[in-house]
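S.K.:
Residue numbers (my numbering): 285 to 669.
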């Protein structure tokens, strides 16, 4: 059979998510069209309430995208020009772009090589390095930490929060890939001062367009986000502070309300797919995702490691399995962020990971037959050949 005729198993399939809930989503869209309110109407208000209730957290504010959510959360927390924000280099560049949009600069700390998330020990070492640098001029500029819950695995929030409290640093969680993930039963987004979620179509909770939300346990920053997302307006539409236009629209909110009711089942299906991969590939030469006690993984991605990653990717493609690399370069290796000041200490674990990671297909509608095809294709790979 020619390679071109082999049907591809895609890494993600947001259309399959729509088709699985088509009747509910179509009805929600029709409801919005007939209501006549299309911006910041009842659907957004209901979704904000329902998402906050799902997280068991007081405040959720819908915004235009996950990147905007992070920008607004940082600004609401007081981050601005000249500040420094500690984060991981292994992340989507959106994390770094958001930090820079506030006028602050990212400072990279290394990751835990098992979880792929910000390591508290590396975080402490980076802070101490800044504190003990000649003149110590950078340490007073430290304002915040942005832990990224990468691939659906929660970062070590108890360890990170202890460091943040000791150094009086704001914590804004980047939850773009961790809807429903938890640590000791407490969901991501509920540990820091604020948190940012993305509803990009491929996310565990995905819209059919862009969307995001900021969550907070404190009413003051939540109110500040509500003002910032709409030109800094107060109730009389007087701009009390510089703001932007970043509003979750009614159509996306209505779609998200439908999908939120299925999120737990969808995450459970992701865990079932992950369990099937883990069982079938346990004897393979790949490094598989680690199971970390106390952390509930939601497998936004199923990421393996191989020293022959590029050959493995080509091998799988030839057998009808499409994969992605999240991410081919870490933040400090990207030309836009390759600045010595952003990386005060070496990042050996981060750099080792970027050369080897590969994301296998992972979405709730992935069939058992497709899972078997993926596993058989991986099993047929010979790294030394």
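Glycine is no exception: its CB is placed at the ideal position from the N, C-alpha and C atoms.
Computed from a prediction, not measured in an experiment: that's the story for all the values here.
Between the C-alpha atoms of residue 561 and residue 548, what's the straight-line distance to the nearest angstrom?
M.R.: Computed Cα separation, rounded: 20 Å.
S.K.: Can you give me the C-alpha to C-alpha distance between residue 448 and residue 390, rounded to a whole angstrom?
M.R.: Rounded to the nearest angstrom, the two C-alpha atoms are 16 Å apart.
S.K.: Near residue 622, which residues of its chain fall below 7 Å by C-beta distance, leaving aside the five closest residues on each side in sequence?
M.R.: Same-chain partners within the cutoff: 616.
S.K.: Specify, as a first and last residue, the run of the alpha helix (DSSP H) that residue 605 falls within.
M.R.: Element bounds for residue 605: n/a, residue is neither H nor E.
S.K.: Can you tell me whether residue 587 is buried or exposed, with buried defined as 16 or more other CB within 10 angstroms of its CB?
M.R.: Answer is buried; the Cβ neighbour count reaches 16.
S.K.: Can you look up residue 584 in the DSSP assignment and give me helix, strand or coil?
M.R.: Three-state DSSP puts residue 584 in coil, outside helix and strand.
S.K.: Are the C-beta atoms of residue 308 and some chain B residue less than 8 Å apart?
M.R.: Here chain B cannot be found, since the structure has a single protein chain.
S.K.: Where residue 292 and residue 657 are concerned, what is the direct C-alpha to C-alpha distance, given to the nearest angstrom?
M.R.: So the alpha carbons of these two residues sit roughly 11 Å apart.
S.K.: In terms of residues, what are the limits of the alpha helix (DSSP H) holding residue 332?
M.R.: From DSSP, the alpha helix (DSSP H) with residue 332 extends over 326 to 339.
S.K.: Comparing alpha-carbon positions, which option in 513, 595, 489 and 320 lies nearest residue 436?
M.R.: Ranking the options by Cα distance to residue 436, first place goes to 489.
S.K.: Please determine if the segment 630 to 644 and the segment 391 to 408 are in contact, where contact requires at least 3 C-beta pairs separated by less than 8 Å.
M.R.: Segments in contact, yes.
S.K.: Please state whether the Cβ-Cβ distance between residue 510 and residue 646 is less than 8 Å.
M.R.: No, they are not a contact pair.
S.K.: Here's the rule I'm using: 16 or more other beta-carbon atoms within 10 Å means buried, otherwise exposed. How should residue 566 be labelled?
M.R.: Exposed, since its Cβ has fewer than 16 Cβ neighbours within 10 Å.
S.K.: I need the boundaries of the beta strand (DSSP E) containing residue 390, first residue and last residue.
M.R.: Start and end: 389 to 393.
S.K.: Comparing C-alpha positions only, which one of 454, 544, 597 and 440 sits nearest to residue 302?
M.R.: Of the listed residues, the one whose Cα sits closest to residue 302 is 544.
S.K.: Please confirm whether residue 644 and residue 597 have their CB atoms less than 8 Å apart.
M.R.: No, these two residues do not count as a Cβ contact at 8 Å.
S.K.: Hey, would you say the C-beta of residue 473 is under 7 Å away from at least one heavy atom of the ligand GTP?
M.R.: Summarising the ligand content, the structure contains no ligands, and the ligand GTP is consequently not present.
S.K.: Ignore the nearest five residues each way along the sequence and tell me which others in residue 464's own chain have a CB closer than 6 Å to its CB.
M.R.: Excluding positions up to five away in sequence, the list reads 547, 551 and 582.
S.K.: Using DSSP with H/G/I as helix, E/B as strand and the rest coil, what is residue 346?
M.R.: Looking at residue 346 - three-state DSSP - the assignment turns out to be strand.
S.K.: CB residue 482 to CB residue 472, shorter than 8 Å?
M.R.: Contact: no.
S.K.: List, from N- to C-terminal side, the alpha helix (DSSP H) runs of 4 residues or more that fit wholly inside the segment 344 to 386.
M.R.: Within the segment 344 to 386, the complete alpha helix (DSSP H) runs of at least 4 residues are 350 to 360 and 377 to 385.
S.K.: One question on the structure: do residue 322 and residue 316 come within less than 8 Å of each other, judged by their Cβ atoms?
M.R.: A contact, by the Cβ cut-off of 8 Å.
S.K.: To which residues of the same chain is residue 324 closer than 6 Å at the C-beta, ignoring the five residues directly before and after it?
M.R.: These residues qualify, in order along the chain: 531.
S.K.: Sort 603, 504 and 499 by Cα distance to residue 352 and report the nearest one.
M.R.: That would be 499, whose Cα lies nearest to the Cα of residue 352.
S.K.: So, helix, strand or coil for residue 512, using DSSP?
M.R.: Looking at residue 512 - three-state DSSP - the assignment turns out to be helix.
S.K.: Give me the Cα-Cα distance between residue 295 and residue 573, rounded to the nearest whole angstrom.
M.R.: Between residue 295 and residue 573, the C-alpha separation is close to 17 Å.
S.K.: How far does the beta strand (DSSP E) with residue 479 in it reach, from first residue to last?
M.R.: Run containing residue 479: 478 to 482, per the beta strand (DSSP E) assignment.
S.K.: Given this structure, state the Cα-to-Cα distance separating residue 439 from residue 591, to the nearest angstrom.
M.R.: Those two C-alpha atoms are separated by around 25 Å.
S.K.: Use the C-beta contact count for residue 450: other C-beta atoms within 10 angstroms, 16 or more gives buried, fewer gives exposed.
M.R.: Result: exposed.
S.K.: If residue 579 and residue 467 are in contact, beta carbons under 8 Å, what's the gap, nearest whole angstrom?
M.R.: With 8 Å as the limit, residue 579 and residue 467 qualify as a contact, their Cβ atoms being about 5 Å apart.
S.K.: With a cut-off of 8 Å on the beta carbons, I'd call residue 671 and residue 345 a contact; round off their distance for me.
M.R.: Here the chain covers residues 285 to 669 and nothing more, so residue 671 does not appear.
S.K.: Please determine, among 456, 442, 491 and 335, the residue with the shortest C-alpha to C-alpha distance to residue 469.
M.R.: Answer by Cα proximity: 442.
S.K.: For the alpha helix (DSSP H) containing residue 313, list its first residue and its last residue.
M.R.: Counting along the chain, the alpha helix (DSSP H) containing residue 313 begins and ends at 306 to 319.
S.K.: Are there 16 or more other CB atoms within 10 angstroms of the CB of residue 508, so buried, or fewer, so exposed?
M.R.: By the 10 Å Cβ count, residue 508 comes out buried.
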